[in-house]
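Throughout the sequence shown, residue numbering follows mature numbering (1 follows the signal peptide of the UniProt record, and there is no 0), covering -23 to -1, 1 to 400 in sequence.
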Amino acid sequence: MKKVMLKTTLSLAVTLASTQIFAAGFAINEQSISGMGTGFAGRSSSADDASTIFGNPAGMSRIKREQVTGGAAMLDAHTDISRASSSPNGGTNHGDMVPFIAVPMGYYVKPIDDKWAVGVGVYAPFGLVTDYESNFGGRYFGSKSDVKVVTLQPTVSYAFNDKVSIGFGPTINRIDGKLESNLSITQAAGDGEVKIKGDDTALGYNIGVLVQATDSTRMGLTYHSKVKYKLEGNTKVNYNVLGLIGQNPSQKYDASLDLTTPESVDFSVTHQLDDQWTLYAGSTWTRWSRLKEITVENSGVPGVLNGQFGSITEEQNWHDTWAHAIGASYQLNKQWVLRTGLSFDQSPTNNVDRSPRIPTGDRKIFSLGAGWSPTDDLTIDVAYSYLREEAVKVNNSNDRGQSYNAKYQNWANGFGVGATYRF
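This is the structure we're talking about:
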């Protein structure tokens, strides 16, 4: 029982599946449309608009006019499932379990004087929506997930001089999740359902430093802290066989889950070749090795069912990852800037513990973008990214003889549109 239940409760924590978005694990990259155009190369050193609040809060020192930046990234994801087998036999494997989704963002920066600037940002650092068909072959290991994390970040920056600045922003993070999977204790009894929901609010912080090393080269370093959550919610079990042992077939238990989202370090360089060409490069390290196991505690479970629903633990054994990106922009004229980038992103999962909720592998992402400034006060940014992952295998089984094995191939198209208005 432990394996099936945890594959559902797991979604409250880690199965914010990476086929959703253009970052590994359950992180979201899309906090900037201008950054999306260069594949997020130079994210901590470019400071092109108010979205630097996320990329590097020290970058607010480069913004000389009060401004608002907002936008949304849309994702059209696809999955091919092949070589699928399951026990009990049967079930479908349509793939394409990710609906068309949008990731919004918004930022405001106000310079106070030559040294101080303040701002605030709202963005999504993690998130998931997956929805398999009702008769999915791997439904005992995850069928539906809807998890959102929204962050509010008030921010301040200080420029020591025209070369070095720092920035800091506490983060207020809200996580909310609703998950579903199928449940079967015996093949003869048919399927029941497990539905879990939980939420929490927790604090973290982002801190960064920006150095203008030469007239043409700028370096940035950003640290995004870990965030500790204790999700509180409930587990609902609807299963007709429970009535055979004197229990109501619909049960609801209080549930709690401790989760720590990982810290990350982003280092990047921006180099202006001339009045037209600018080059970007960057690397991000994420401490996914924090995710060794997940434990869900359900309280109020009757003694006869406590062994099935009381405390559930499963190994994850994720590992730390690196992401690397290179990019370039070309200032075509006063109104137009063109962008491109290439990214390489490691997956934190392994071949033993990978599930249908996180069927992710290492990925490559190619990006294009453009910025149009019809006036000095307004810039409109657009971006497109194409992601393709290596093919990976899912091999799941539990102690009731249920199993699901398949090969997954994921790819996605990302579209971004945003605007910056300067007062």
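Glycine is no exception: its CB is placed at the ideal position from the N, C-alpha and C atoms.
Query                                                                                                                                                               : Result
Looking at the secondary structure, which residues open and close the beta strand (DSSP E) in which residue 304 lies?                                               : 298 to 308
Closest to residue 233 by C-alpha separation, out of 5, 277 and 244, would be which residue?                                                                        : 277
Who are the Cβ neighbours of residue -14 in its own chain at under 6 angstroms, not counting the five residues just before and after it?                            : Residue placement at residue -14 is flagged as unreliable, the pLDDT there being 39, under the threshold of 50; the coordinate-derived value follows with that caveat. 271.
Tell me whether the beta-carbon of residue 247 lies closer than 7 angstroms to the beta-carbon of residue 16.                                                       : no
Tell me residue 96's beta-bridge partners as DSSP assigns them.                                                                                                     : 86 and 132
Note down the Cα distance separating residue 159 from residue 214, rounded to an integer number of angstroms.                                                       : 10 angstroms
Could you give the DSSP three-state label for residue 74: helix, strand or coil?                                                                                    : coil
Pick from 37, 386, 14 and 308: whose alpha carbon is nearest that of residue 187?                                                                                   : 37
For residue 156 and residue 172, I'd like the C-alpha separation in whole angstroms.                                                                                : 6 angstroms
Tell me residue 51's beta-bridge partners as DSSP assigns them.                                                                                                     : 79 and 392
Considering residue 13, what are the terminal residues of the alpha helix (DSSP H) in which it resides?                                                             : 10 to 14
How many Å lie between residue 42 and residue 134 at the Cα?                                                                                                        : 14 angstroms
Who are the near neighbours of residue 400 in its chain, counting only those whose CB is closer than 6 angstroms to its CB and skipping five residues on each side? : 43
Can you tell me the Cα-Cα spacing of residue 223 and residue 275, whole angstroms?                                                                                  : Confidence at residue 223 is low in this model, with a pLDDT of 47, below 50, so the placement of that residue should be treated as unreliable; the coordinate-derived value is given next. Taking the straight line from one Cα to the other gives about 20 angstroms.
Where do the N-terminal and C-terminal ends of the alpha helix (DSSP H) with residue 29 fall, by residue?                                                           : 29 to 32
Per the contact definition of three or more C-beta pairs closer than 8 angstroms, is the stretch 25 to 37 in contact with the stretch 367 to 382?                   : no
Taking residue 147 as part of the beta strand (DSSP E), name the residues at either end of that continuous run.                                                     : 141 to 160
Would residue 82 pass as a contact of residue 114 if the rule is Cβ separation under 7 angstroms?                                                                   : no
Would you decide whether residue 316 is buried or exposed? Buried here means 16 or more other CB atoms lie within 10 Å of its CB.                                   : buried
Comparing alpha-carbon positions, which option in 193, 151 and 339 lies nearest residue 237?                                                                        : 151
For residue 385 versus residue 78, is the C-beta spacing smaller than 7 angstroms?                                                                                  : no
May I ask you to verify whether the stretch 89 to 109 touches the stretch 300 to 314, counting CB pairs closer than 8 angstroms and requiring at least 3?           : no
So which of 357, 65, 255 and 180 has the shortest CA-CA distance to residue 26?                                                                                     : 357
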